[in-house]
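Report on one structure; see the data block that follows.
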Amino acid sequence: MAEHLKGIAASDGVAVAKAYLLVQPDLSFNKKTGADVEKEKSRLDEALTKSQDELEKIKAHAEESIGVEEAQVFEAHIMILGDPDFIGAIKQEIEDKKENAEAALSDISNNFIATFEAMQDNDYMKERAADIRDVTKRVMSHLLGVTLPNPSLINEEVVILAKDLAPSDTAQLNRKYVKAFVTDVGGRTAHSAIMARSLEIPAVVGTDRATSLAQSAGDVKIAVNGVTGDVIIDPTAAEIAQFEKAGKDFIQQKEEWAKLKDESTITADGKHFTLAANIGTPKDLQGVLANGAEAIGLYRTEFLYMDSSELPTEDAQFEAYREVLEGMNGKQVVVRTMDIGGDKHLPYLPLPEEENPFLGYRAIRISLDRQEIFRTQLRALIRASYYGKLGIMFPMIATVNEFKKAKAIFQEEFDQLKASGTPVSDDIEVGMMVEIPASAVLADKFAKVADFFSIGTNDLIQYTMAADRGNDRVSYLYQPYNPAILRLVKNVIDSAHKEGKWVGMCGEAAGDPIMDCILLGMGLDEYSMSATSVLKIRSLMKRIDTSKVVELAEKAITESVTNEDNIQLVKKYIDLD
Numbered sequence: 001m002a003e004h005l006k007g008i009a010a011s012d013g014v015a016v017a018k019a020y021l022l023v024q025p026d027l028s029f030n031k032k033t034g035a036d037v038e039k040e041k042s043r044l045d046e047a048l049t050k051s052q053d054e055l056e057k058i059k060a061h062a063e064e065s066i067g068v069e070e071a072q073v074f075e076a077h078i079m080i081l082g083d084p085d086f087i088g089a090i091k092q093e094i095e096d097k098k099e100n101a102e103a104a105l106s107d108i109s110n111n112f113i114a115t116f117e118a119m120q121d122n123d124y125m126k127e128r129a130a131d132i133r134d135v136t137k138r139v140m141s142h143l144l145g146v147t148l149p150n151p152s153l154i155n156e157e158v159v160i161l162a163k164d165l166a167p168s169d170t171a172q173l174n175r176k177y178v179k180a181f182v183t184d185v186g187g188r189t190a191h192s193a194i195m196a197r198s199l200e201i202p203a204v205v206g207t208d209r210a211t212s213l214a215q216s217a218g219d220v221k222i223a224v225n226g227v228t229g230d231v232i233i234d235p236t237a238a239e240i241a242q243f244e245k246a247g248k249d250f251i252q253q254k255e256e257w258a259k260l261k262d263e264s265t266i267t268a269d270g271k272h273f274t275l276a277a278n279i280g281t282p283k284d285l286q287g288v289l290a291n292g293a294e295a296i297g298l299y300r301t302e303f304l305y306m307d308s309s310e311l312p313t314e315d316a317q318f319e320a321y322r323e324v325l326e327g328m329n330g331k332q333v334v335v336r337t338m339d340i341g342g343d344k345h346l347p348y349l350p351l352p353e354e355e356n357p358f359l360g361y362r363a364i365r366i367s368l369d370r371q372e373i374f375r376t377q378l379r380a381l382i383r384a385s386y387y388g389k390l391g392i393m394f395p396m397i398a399t400v401n402e403f404k405k406a407k408a409i410f411q412e413e414f415d416q417l418k419a420s421g422t423p424v425s426d427d428i429e430v431g432m433m434v435e436i437p438a439s440a441v442l443a444d445k446f447a448k449v450a451d452f453f454s455i456g457t458n459d460l461i462q463y464t465m466a467a468d469r470g471n472d473r474v475s476y477l478y479q480p481y482n483p484a485i486l487r488l489v490k491n492v493i494d495s496a497h498k499e500g501k502w503v504g505m506c507g508e509a510a511g512d513p514i515m516d517c518i519l520l521g522m523g524l525d526e527y528s529m530s531a532t533s534v535l536k537i538r539s540l541m542k543r544i545d546t547s548k549v550v551e552l553a554e555k556a557i558t559e560s561v562t563n564e565d566n567i568q569l570v571k572k573y574i575d576l577d
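Residue numbers are given in full-length UniProt numbering: position 134 of the sequence shown equals residue 134, and the series is strictly consecutive.
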């Protein structure tokens, strides 16, 4: 009998295929005392080496199939394997208690996880707990000689069902055979959902009971609609036909979107808006060009630092920036200066332990404090400017003085390079991220000194709502359409336009159709998103008459009270199907 479920639509697309239940293996063990200490430590070292080899391969595969940015989660896992505190504690436990390696690994891992999970108000620490749990599972599997599920071995068309998908599971999915996946838990901003969108695999998450229902149903088919969030376990023939038709319609729609690759983004009433893409490294350039993005609105340079065992040299940075600027052939590339700190750490650049690293010593605060690092990056960028159209923006700007100080350092380096005869562009724009409520409120003051703004919605929303978007208990407060957020965004746009400056958005919301309908009405100039979202949004914008959405935007910030009010408001104005 067919079971109908409603989950969170995490990745577009429709599929019907045989169910494949991804079950984690039994990793239970017998605790032993009186063990041979050296032998157990040797077994642990061997398991750590095998785990690292696996993670290196998964990371390399993920960089090719998903993108460098999404693959960075595995760098954190590899670092845990070399963490002297974590590994040292396990070996000390073996020595002190003469336990077998499995018992010591389990004891120490549970202690670390419990410590991190006790910090309920700190999502960074909670993520570290999840990372340790993932890594421990892999090391334990090697100690026990148990093989973890390897989704890359699937060689028939299936829909995967799982309680949750770890990043290492998702990174191994083969698009040829995995037609979709459904999970019991998760949200749109979970690693697995983000990876699914990059892989273009339909996904529905947060169904609560999909795996238990599938287990009861046995060998059945699953129908998945990643656009609506609908899932049917053991669908009827009529339902299969309905989903298959929806799947064909979606593929046809994607083919229509592909025809827009070389077109400008022009609305129904003839206005041009720029659709840009976010990238992490030069390797992402291919996706930008393949999807017809008109610019790069966010080049996250921190991956240059995270992929290195030491601070990257000026020449190494110059080559990376030049490759992207040349590759874009005159289209603008906006580069964000180093955004280290928060959840991004460098093993060779120790940062102080902080109660709340997201509100601490990070991004432009480090750059202004450690100017030798900042100046090296700016020199590399200024030299690369000769090869294309460059914009530079500073992250986490909170005060006008911070921006002025950063821009003054840029100007000093620019003047010195030019005086030395180094070829540079005289047309570099210097702007800032607006991701702190203080800078959004004072946008009129910032607009007098910055060349442009780029609104980072992920941080702006969580700082405005005082809610960490990764914290399940308060994730309902991640509300991009909340009138409070929209009023801040409108203030930024109006303030910039009064000074003749342009405004972009590079956060998750820029690729959201509902949000874009409101932003068009507000007059946002540039929308920067995942490259795979560009053509879908271009198709939407070509259908919109901006004169109609101006009224919509006005109602969204003056009449609406809730996030949900604005979802309904947009649906009244625009047919998003």
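Where a beta carbon is used, it is the ideal one built from N, C-alpha and C, also for glycine.
Taking just the CA atoms, how far does I514 sit from V534?
Here residue 534 refers to the residue found at position 534 of the sequence shown. Here residue 514 refers to the residue found at position 514 of the sequence shown. C-alpha separation (whole angstroms): 15 Å.
* Asked: Any idea if I567 is buried or exposed, counting beta-carbon neighbours within 10 angstroms, 16 or more meaning buried?
  -> Here residue 567 is taken as the residue at index 567 of the sequence shown, counted from 1. With fewer than 16 Cβ atoms within 10 Å of its Cβ, I567 is classed as exposed.
*Where A246 sits in the DSSP three-state scheme*: As a first step, residue 246 is located in the sequence shown; it is residue number 246 there, counting from the start. In the structure shown, A246 sits in a helix (DSSP, three-state: H, G or I).
Which residue wins for smallest C-alpha separation from A129, given the options Y177, Y20, I80, A60? Looking up residue 129 in the sequence shown gives position 129. It is I80 whose Cα lies nearest to the Cα of A129.
(request) Would you list the one or two residues that DSSP bridges to A180? (result) Sequence index remark: in the sequence shown, residue 180 carries index 180 (1-based). Beta-bridge pairing links A180 to V159.
- Query: For V334, which option in Y348, D444, I392 has the closest C-alpha, if you only look at C-alpha atoms?
  - Reply: Here residue 334 is taken as the residue at index 334 of the sequence shown, counted from 1. Closest by alpha carbon: I392.
Is the beta carbon of F410 closer than 7 Å to that of V430? If you number the sequence shown from 1, residue 430 lands on position 430. If you number the sequence shown from 1, residue 410 lands on position 410. Against a cut-off of 7 Å, the Cβ pair of F410 and V430 comes out as a contact.
Once you ignore the five residues that flank I557 on each side, which residues in its own chain have a CB closer than 6 Å to its CB?
For the purposes of this step, residue 557 is taken as residue 557 along the sequence shown, with counting starting at 1. For I557, where only same-chain residues beyond five positions count, the Cβ hits under 6 Å are P483, L486, R487, K490.
**Message:** Please classify M328 as buried or exposed, where buried requires at least 16 neighbouring CB atoms within 10 angstroms.
**Reply:** Residue numbering aside, residue 328 sits at position 328 when the sequence shown is read from its first letter. Its Cβ being crowded by 16 or more others within 10 Å, M328 is buried.
Can you list, in chain order, the residues of its chain with a C-beta nearer than 6 Å to that of F32? Leave out the 5 residues immediately preceding and following it. Position 32 of the sequence shown, counted from the start, is the residue given in the question as residue 32. Inspection of the sequence shows that residue 32 is occupied by Lys rather than by Phe. Within the same chain, K32 has close Cβ partners N100.
Review point. How about V178 and I160: are their beta carbons less than 7 Å apart?
Key: Residue 178 sits at position 178 when you count from the first residue of the sequence shown. Residue 160 sits at position 160 when you count from the first residue of the sequence shown. Yes, these two residues count as a Cβ contact at 7 Å.
- Task: Provide the residue span of the alpha helix (DSSP H) that contains F403, from first to last.
- Result: The count along the sequence shown starts at 1 and reaches residue 403 at position 403. First-last of the alpha helix (DSSP H) with F403: 400–419.
* Asked: Q479 by DSSP, collapsed to three states: which one?
  -> Along the sequence shown, one-based indexing puts residue 479 at 479. DSSP places Q479 in coil when its eight states are reduced to three.
Please give the ranges of any alpha helix (DSSP H) in the segment 452–528, keeping only runs that are unbroken, at least 4 residues long and fully inside the region.
457–465, 483–498, 513–522
Exercise. Sorted by chain position, which residues of the same chain lie with C-beta nearer than 7 Å to V288's C-beta, five sequence neighbours on each side aside?
Worked result: Position 288 of the sequence shown, counting from 1, holds the residue named residue 288. Cβ neighbours of V288 beyond the five flanking positions: A277, I279, I296, A531.
message: Across the segment 262–271 and the segment 39–55, are there enough close Cβ pairs to call them in contact, namely three or more that are closer than 8 Å?
response: no
Cβ distance (whole Å) where K137 is taken to contact G34 below 8 Å = Within the sequence shown, the letter at position 137 stands for residue 137. Within the sequence shown, the letter at position 34 stands for residue 34. Between G34 and K137 the Cβ distance is about 27 Å, and since that is not below 8 Å, they are no contact.
Are the C-beta of I222 and some C-beta of chain D separated by less than 7 Å? Note that chain D does not occur in the displayed structure, where there is just one protein chain.
Checklist line | Collapsed DSSP secondary structure at D565 in the structure displayed | finding: Walking along the sequence shown from the start, residue 565 turns up at place 565. It is helical.
task = Kindly list the residues whose CB is nearer than 6 Å to the CB of S454, restricted to its own chain and excluding five residues on each side of it in sequence; keep chain order.
result = The residue you call residue 454 lines up with position 454 of the sequence shown. Once the five neighbours on either side are set aside, the close Cβ partners of S454 are M393, M433, G504, C506.
>> Cutting at 7 Å between CB atoms, please list the residues of its own chain near P352, excluding the five before and the five after it.
In response: Taking the sequence shown and counting its residues from 1, one reaches residue 352 at position 352. The residues are Y361.
On the three-state DSSP scale, how would you describe H345? Mapped onto the sequence shown, residue 345 falls at position 345. Three-state result, H345: coil.
Open item on the list: If I follow the unbroken beta strand (DSSP E) through S11, where does it start and stop?
Closed with: As a first step, residue 11 is located in the sequence shown; it is residue number 11 there, counting from the start. Per DSSP, S11 belongs to the beta strand (DSSP E) from 8–11.
Cutoff 6 Å; reference D525; Cβ partners in own chain excluding five residues on either side | Looking up residue 525 in the sequence shown gives position 525. Taken in chain order, the residues that qualify are W502, V503.
Count the other CB atoms, across all protein chains shown, that sit within 10 Å of the CB of I58; report buried if there are 16 or more and exposed otherwise.
On the sequence shown, residue 58 is found 58 positions in, with the first residue counted as 1. Around the beta carbon of I58, 16 or more other beta carbons lie within 10 angstroms, which makes this residue buried.
Discussion item. With a threshold of 6 Å on Cβ separation, who are the neighbours of L148 within its own chain once the five nearest residues in sequence on each side are excluded?
Written reply: Walking along the sequence shown from the start, residue 148 turns up at place 148. Taken in chain order, the residues that qualify are S141.
Is the CB-CB distance between S475 and R197 below 7 Å?
Sequence index remark: in the sequence shown, residue 475 carries index 475 (1-based). Sequence index remark: in the sequence shown, residue 197 carries index 197 (1-based). No, the pair does not count as a contact, with Cβ atoms beyond the cut-off.
* To do: Return helix, strand or coil for F394, following the three-state DSSP convention.
  => Here the question's residue 394 lines up with position 394 in the sequence shown. Judged by DSSP in its simplified three-state form, F394 adopts strand.
Can you tell me whether DSSP reads I154 as helix, strand or coil? Against the sequence shown, residue 154 aligns to sequence position 154. Coil.
Practice prompt. Select from A509, G13, L460 the residue whose C-alpha is nearest the C-alpha of I201.
Written response: Within the sequence shown, residue 201 is the residue found at index 201, counting from 1. That would be G13, whose Cα lies nearest to the Cα of I201.
Margin query: Nearest by alpha-carbon distance to residue 589: which of E102, I233, A214 is it?
Written below: The structure shown does not extend to residue 589, since the chain spans only 1 to 577, so no value can be given for it.
DSSP three-state assignment for Y387, whether helix, strand or coil
Here the question's residue 387 lines up with position 387 in the sequence shown. Here Y387 sits in helix by DSSP.
By the DSSP assignment, the alpha helix (DSSP H) with L213 in it spans what residues?
The residue given as residue 213 occupies position 213 in the sequence shown. Unbroken alpha helix (DSSP H) run through L213: 210–217.
From K245 to S152, what distance separates their C-alpha atoms?
-> Residue mapping note: residue 245 aligns to position 245 of the sequence shown, counting from 1. Residue mapping note: residue 152 aligns to position 152 of the sequence shown, counting from 1. Going from the Cα of K245 to the Cα of S152 covers about 28 Å.
Practice prompt. Using three-state DSSP, classify Q332 as helix, strand or coil.
Written response: As a first step, residue 332 must be located in the sequence shown, where it is residue number 332. Three-state DSSP puts Q332 in a strand.
| said: Only counting the same chain, and skipping five residues up and downstream in sequence, which positions put a Cβ closer than 7 Å to that of V68? | reply: Locating residue 68 in the sequence shown gives position 68, counting from the first residue. Excluding positions up to five away in sequence, the list reads G280, T281, K283, D284, F303.
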